[in-house]
Structures are given as structure tokens and as C-alpha cells.
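Chains as they are written, first to last, in this note's numbering: chain A, 20 to 272; chain B, 20 to 272. Just so you know, even glycine gets a beta-carbon here, dropped at the ideal spot from N, CA and C. In this text, all values refer to a predicted model and were calculated from it rather than measured experimentally. The block underneath contains the structure these notes are about, expressed in C-alpha cells.
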DNA sequence: TCCATTTGTCTATTTATCTAGACAACTCGA
DNA sequence: TCGAGTTGTCTAGATAAATAGACAAATGGA
């Protein structure tokens, strides 16, 4: 448990001690610090390590039990429940399902909201449309094996791609929805990544606790000859997803 | 202030109400919600909006004043201080200074630690060395215009690149340190990105408050003909940096 | 200058968190 | 079976956070 230094819990920060300990333990769990067995130090050991009362440690562990991350058994101790982290490659040819291929058995894309909105200056510029142009706005949640990984808000030219909502519902995939509308191929023009605390809606959709971190990716997809198709803002649950850039970056010759 | 819905502050989450409000306001500030003037709603309005007592709002604002993000003037109200966000492009040819070119006037790389460590299994594999091979480990902090943007831990083959520490200190740049050691060019093999709360050391080095979010990039650099040079783990302050993938991704022909 | 609006400061009470101590109940290896 | 080690539960007190109310002080527009 190298990442858990002696003490180091901040008082007066506005984050309860139990919460800070829970956050630290969660990070250690996500980082695989407790090995294959997942056996964690006992309450008294954690109490000594964090220099807090045992009850404070108990509160932290109770939080993690409630999150489903650990299980505690009286007399035996505390163990990490099996957790799964997914690596999502980002490239010019980013595809959700193909990107995660081999990492799951079942995948599901749910349309949460479908509305038509006027294009803001920013989105209009990205999609090379006039501000105010009607856009189809699709809010999606993507799950693998029942676990929500991302929540995205997607914008399409409503005049050209107004059927994307219906097609995503029918096919369960943006790639297949495009194909159904006659768009055989698309490529990622750009992606901007930042990170922050998840907001209320993201927490609800991704089943996250307050204080959870998301990586936000803002991306634009074009046809291979450069016609704008989609502007998307995607929040990935940072505890569950790693974004990977590497060898697949290079476009097939 | 669209991103600040009515109410929505969680009780019992282990994060104080004032802290949640401060986090929300900080995010709104970072997202540019308060416009060019930076004028924010008054305490009474925020109190109503978040459905908390005015003093709780005052505690939140005090936190942001202490961070230097805002200034409050009795009788006049609260304004955002000018903040700066940097966009850092990631490509095969990632270079810290060139990547941020045009976004700052002054840049500084500080060597925080220089040690020799045996290669772990993971790093040995990335650098194609034997586990236990001696590695030069350099901990760096990079600042622009005095603002710390990233904290990185870099690993080099100590036998081939043992002088990197001295050269980084002398030249203020990894690229120039490589050049001084006869390595004229290098490319990014892969990058993996995730995000989490900053740990204690990161907070100290990047001047962040408890609960701040960092984006962690794990990257490997090679020579153009594929000889491994460097394994680096970099924590970027998520409030200050956006990682950008896009047009510059394509390698010059 | 006046006054509406805003932040600043003080006192007081209630609620939440942290600490402390003690004992019960369970697990599992010797 | 015994006992060391572990988690579970209870009572109690101290400290921190949240709420409430009131009034002072400053700003800036009419």
C-alpha cells in the first residue's frame, strides 16, 4: 500500500476525514494496490496509518461498502470486490464498440434524451453551420456488462441527420446509425480532454457518488473527405475508463 | 450560470456544503460562465439558488478568495479574477514548450528529485529492459508564467541516459537535454490518460487544494526508429490544462 | 446626498463529525 | 477447543459545520 503515506489527512478542507480516507482507499483499490486477493489492512492498522480514530476509519469503510467496492466480514477483515477497468483507444477511427472489443460481453447504448436545439456559436463553428441552425441533440449512456462507462451529448445537423435518434435506438450504435443513413465511414477530426468532478446528472446516469471524477472529451467527427458530422461531449467515469492513445493512432495507409 | 441548477447540494456525502458550493462555483468559473466581466451573483442570490444559509455561501466564497480565484468587495460584490487555461496538444511529436507555444511568456522546468531506482516489471517492459535494471528517475515540475501546470516522474535507462538530470537542469528542457546527449529526435509511442483526485505531493507541487482533480498521462517516448527512451507519468492540473488531440496528430510525411 | 444593494461581523443555537472507551460477536489457525 | 485478531455496536463528550438573526460598513447609481 505504497500510495498511502502515513497521516496526510487534511483538516479544515471541507472534506470530512472519513471521506478523504474513503477517497484514498478507493484510489488504492483502483490502482490495484491490494493485489489479486484484495485483502486490505484492518481497521486498527488503517486507524494508525491515517492517524485517526478507528470509528472514523469505520465510517470510510462503510462508504466504500455502500459503493459496492469492498465487503467486510466480522472477524475476518475487509476485502476488495472484483473491479473492472476498461481501456478505450482514441484515434482517428474511434468506435466505441470496436475500441472496447474483447473487454466485455454485453454492451448497451441508451438514448436518454432527444431534442432539437439551435446551434450555439461554438457548435456551429465546429460543424460549419450557421449559428441557430437546428441541431439534433442526443444524450446517450453507454454501458458494458451493465456498468455505465460514459454519458455523451451528441449534436447533429437536424436537417441532414435528423433520423440519428431513431437509428441509434434501433441499431444500438452510432456507427450503425450512420450506416443506415448512408454514411459508410467517419473519422475523428479532433478531441480535447479535460477532467473534473462529475455533476449531478452525470452522477445519476453513470451511477457515481458525489465527488467522483470524470474525464470530459470534446470531439468532432467528419466524413473522410472532411464534411462535419457530429460534435460530441462525452464524460467518462475516470475510475472505470482509461483513454489510450498509441499505435492505433496511425491511419491505415 | 446555466450549470448551476437550483439546489442539488448533497448532504451526508462527507463533503461540506460550503465545499461543494465552492467546487461548483470554481467549475463555473473555469467554464467561463461569468463572462468577460466576471461578475458573480451576490451572496443572497447564491444562498437562494443553492438553498443554503448565506453564511454557508460565505464560507464557500472565502475558500475561493483564499485560492485567489475571486475577489469580493463590500458593497460591490464578487468578481472572478482573470484565469488562464492552457491547451496542450498531444501527438507523436509532443514537446512541452512547443506544444504550449504562444500561450505563455515564461516557462520553467524544475528538477525536484533525482534518484536511481531498479526497474519495476511494468517500466522494464515499456523500456524493453530487464526488471531491476537501474533507471534514472527524475521528478519534474513545469510552470508557465509562474503557474505550475504539471508534475511528472520520468524514467530513463541510467546506463545510457544517466546524464539527463544534469542536462535538464542545465538546459531547462527534456528535448534539449536529449540533444545534448546526442539524441536529435524522439517520438511519442503511446499515451494513456485517466483522471483522479490529486494526491498530497501533487497538491504541494502544483499548488492545488485538497479535492483538486488531475489528469494523469502515462507515456512512452522512443527514438524515431523505435528504441525506447523514456517512461513518464505526468499529472496535469485539470483546472489549468486541456489535452488536445487533433490535426497535429498526423506525423509530417 | 440618499438609498438600495452588497459584503462584513457578531452572537447564538442546532446538527454533523470526530474522538474515546468498552464490550459483544465472529473468524480461523494452532 | 482456545485464543488472537478482527469487525460490530453502544454510550458519551468535544469539535466542526450549518443555520439563524441582527446590525455595521461600503459601493455606486439616481
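Rounded to the nearest angstrom, how far is the Cβ of residue i from that of residue j, given a contact under 8 Å?
i: residue 260 of chain A; j: residue 107 of chain A; result: 5 Å
i: residue 102 of chain B; j: residue 48 of chain B; result: 7 Å
i: residue 200 of chain A; j: residue 174 of chain A; result: Rounded, the Cβ-Cβ distance is 16 Å, inconsistent with contact.
i: residue 171 of chain B; j: residue 113 of chain B; result: Going by Cβ atoms, the distance from residue 171 of chain B to residue 113 of chain B rounds to 12 Å, so no, they are not a contact pair.
i: residue 256 of chain A; j: residue 227 of chain A; result: 6 Å
Helix or strand or just coil, what does DSSP make of residue i?
i: residue 183 of chain A; result: helix
i: residue 169 of chain B; result: strand
i: residue 132 of chain A; result: strand
i: residue 174 of chain A; result: strand
i: residue 203 of chain A; result: coil
i: residue 59 of chain A; result: coil
i: residue 51 of chain B; result: coil
i: residue 255 of chain B; result: strand
i: residue 38 of chain B; result: helix
i: residue 33 of chain B; result: coil
i: residue 123 of chain B; result: coil
i: residue 46 of chain A; result: helix
i: residue 86 of chain B; result: helix
i: residue 195 of chain A; result: helix
i: residue 78 of chain B; result: helix
i: residue 190 of chain A; result: helix
i: residue 95 of chain A; result: coil
i: residue 111 of chain A; result: coil
i: residue 211 of chain A; result: strand
i: residue 68 of chain A; result: helix
i: residue 219 of chain B; result: helix
i: residue 278 of chain B; result: No answer is possible for residue 278 of chain B: the residues shown for chain B start at 20 and end at 272.
Distance, Cα to Cα, residue i vs residue j?
i: residue 73 of chain B; j: residue 59 of chain B; result: 15 Å
i: residue 84 of chain A; j: residue 92 of chain A; result: 11 Å
i: residue 142 of chain A; j: residue 225 of chain B; result: 33 Å
i: residue 168 of chain B; j: residue 130 of chain B; result: 14 Å
i: residue 221 of chain B; j: residue 55 of chain B; result: 31 Å
i: residue 243 of chain B; j: residue 165 of chain B; result: 33 Å
i: residue 128 of chain A; j: residue 188 of chain A; result: 8 Å
i: residue 159 of chain A; j: residue 132 of chain A; result: 7 Å
i: residue 176 of chain A; j: residue 126 of chain A; result: 27 Å
i: residue 31 of chain A; j: residue 163 of chain A; result: 39 Å
i: residue 50 of chain B; j: residue 161 of chain A; result: 25 Å
i: residue 205 of chain A; j: residue 241 of chain A; result: 6 Å
i: residue 119 of chain A; j: residue 207 of chain A; result: 17 Å
i: residue 80 of chain B; j: residue 57 of chain B; result: 14 Å
i: residue 121 of chain B; j: residue 52 of chain B; result: 25 Å
i: residue 179 of chain B; j: residue 144 of chain B; result: 17 Å
i: residue 78 of chain B; j: residue 36 of chain A; result: 19 Å
i: residue 138 of chain B; j: residue 148 of chain B; result: 8 Å
i: residue 20 of chain B; j: residue 136 of chain B; result: No answer about residue 20 of chain B holds up, because its pLDDT of 45 lies below 50 and its placement is not dependable.
i: residue 104 of chain B; j: residue 223 of chain A; result: 28 Å
i: residue 271 of chain A; j: residue 219 of chain B; result: Note that residue 271 of chain A scores a pLDDT of 32, beneath 50, so its modelled location is shaky; the value from the coordinates is reported in the next line. Going by the C-alpha atoms only, they are around 43 Å apart.
Apart from the five residues on each side of it in sequence, which residues of its chain come closer than 6 Å, Cβ to Cβ, to residue i?
i: residue 263 of chain B; result: 106 and 108
i: residue 209 of chain B; result: 239
i: residue 237 of chain A; result: 211 and 252
i: residue 134 of chain A; result: 156
i: residue 140 of chain A; result: 150
i: residue 34 of chain A; result: none
i: residue 69 of chain B; result: 28 and 40
i: residue 194 of chain A; result: 114
By Cβ distance below 8 Å, which residues in the same chain neighbour residue i in space, the five residues on each side in sequence not counted?
i: residue 94 of chain A; result: none
i: residue 61 of chain B; result: 96 and 97
i: residue 45 of chain A; result: 83, 86, 88 and 258
Could you name the residues of the same chain whose beta carbon sits closer than 7 Å to that of residue i, not counting the 5 residues immediately before and after it, in chain order?
i: residue 190 of chain A; result: 196 and 199
i: residue 90 of chain A; result: 84, 98 and 100
i: residue 66 of chain B; result: 72, 73 and 76
i: residue 63 of chain A; result: 73
Given 7 Å as the limit, tell me if residue i has its C-beta closer than that to any heavy atom belonging to the ligand ADP.
i: residue 43 of chain A; result: As for the ligand ADP, it is missing from this structure, which has no ligand bound.
Exercise. Are the region 239 to 250 of chain B and the region 38 to 50 of chain B touching, with three or more C-beta to C-beta distances below 8 Å?
Worked result: no
For this session: State whether the region 151 to 160 of chain A contacts the region 180 to 189 of chain A, with contact taken as three or more CB pairs (one from each stretch) at a distance under 8 Å.
Result: yes
Exercise. Any contact of the region 232 to 246 of chain A with the region 212 to 220 of chain A, i.e. 3+ C-beta pairs under 8 Å?
Worked result: yes
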